[in-house]
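Notes follow the structure.
In the working numbering, the protein residues as written are 203 to 494.
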């Protein structure tokens, strides 16, 4: 079987690291609302890949995370007057209902950010110890320019990124950084009511990118077969995952990178921020889930 590998931009013969076994990590939902059909596309696409590999006789370990620590969850909790964990647990259950309607199997493991905090903190400290990260006013940032391979997944040119960063107005967070290109590994708590964990840098919570590196490597090892998600995650999310993971281990992170395309509405990507979305829940109330 040949796979189009985003990393090399070519179709490659699929050869797993361990014969007869495949490790796959797919970025899962941020659980603060019902999933729309743009969110659902990667779940259906990579569930199909998994089922096909199983049909071919491979033993597949399929990992799909839940991002249950996030600004959107915190804001939703404030709006509804409940805790952030109550919001995330509610929408994890709603995700399972929508996935089942679409005949998407549960992953072998569904790790949660909130349950991986010790590994995340250890990961961040390791990057500090190796000189790839630094603490600033309770935040921890990754030194993007220190990683020589930055941009190899997305094809982004670091000089153009530097120019773009220098041309935009610097935010309060940017003022804490050594370099505008550096990204957050750990965020200090802004107010006492915000969900947070103890760390060597004070109370806070992880940045988005570090979560997936910690969860995938904990469950699949420092190098695994396939990392997948929507094409909107190529940059910066997956690019940053590669940078921090390979800096920590000195090994290739994932052998094959697979990305599905967008669902477009009037030539625009479907997204909650644009308001041009339909939820799975709405559509399956009108039409057969198999049709969707």
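The C-beta atom is built at its ideal place from N, Cα and C for all residues, glycine as well.
- Pairing residue 385 with residue 440, the inter-Cα distance amounts to about 13 Å.
- Residue 362 has its alpha-carbon roughly 34 Å from the corresponding atom of residue 233.
- Taking 8 Å as the cut-off, the beta carbon of residue 442 is found closer than this to the beta carbon of residue 411.
- Of the candidates 250, 252, 275, the residue whose Cα lies closest to the Cα of residue 235 is 275.
- Distance from the CA of residue 424 to the CA of residue 225, rounded to the nearest whole angstrom, comes to 11 Å.
- DSSP, read as helix, strand or coil, puts residue 438 in helix.
- Between residue 238 and residue 267, the C-beta spacing is not below 8 Å.
- Nearest to residue 350 by C-alpha distance, out of 390, 292, 448, is 448.
- In the assembly as shown, residue 346 is a buried residue. Its beta-carbon has 16 or more other beta-carbons within 10 Å.
- Look at residue 312 here: in three-state DSSP terms it is coil, with no helix or strand label.
- In this structure, residue 243 lies away from residue 452, with their beta-carbon atoms at least 8 Å apart.
- Under DSSP, residue 408 takes part in a beta bridge, and its partners are 388.
- For residue 284, the number of other beta carbons within 10 angstroms of its own is below 16, and it is reported as exposed.
- With respect to residue 388, residue 326 sits close: the two C-beta atoms are nearer than 8 Å.
- Unbroken beta strand (DSSP E) runs of no fewer than 3 residues, entirely contained in the stretch 213 to 238, are found at 223 to 228, following chain order.
- Fully contained in the stretch 315 to 342 are the following alpha helix (DSSP H) runs of length 4 or more, in chain order: 319 to 331.
- Pairwise C-beta distances place the stretch 458 to 475 in contact with the stretch 240 to 254, as three or more of them are shorter than 8 Å.
- A distance below 8 Å separates the beta carbons of residue 445 and residue 352.
- Per DSSP, the continuous alpha helix (DSSP H) segment holding residue 486 begins and ends at 482 to 488.
- Shown here, residue 211 sits in coil according to DSSP, grouped into three states, outside any helix or strand.
- Within the same chain, 226, 252, 309, 310 come within 7 Å of residue 264 by CB-CB distance, once the 5 residues on both sides are set aside.
- Across the set 403, 291, 358, the C-alpha of 403 shows the shortest separation from the C-alpha of residue 342.
- Here residue 428 is bridged, per DSSP, to 226, 458.
- Per DSSP, the unbroken alpha helix (DSSP H) holding residue 292 starts and ends at 286 to 303.
- Of the residues assessed, residue 300 falls on the buried side of the cut-off, its CB having 16 or more other CB atoms within 10 angstroms.
- In terms of Cα proximity to residue 334, the closest of 289, 381, 296 is 381.
- Your pair residue 391 and residue 405 checks out as a contact, with CB atoms roughly 4 Å apart and the cut at 8 Å.
- Exclusion of the five residues before and after residue 216 leaves 203, 205 as the residues of its chain whose Cβ lies within less than 6 Å of its Cβ.
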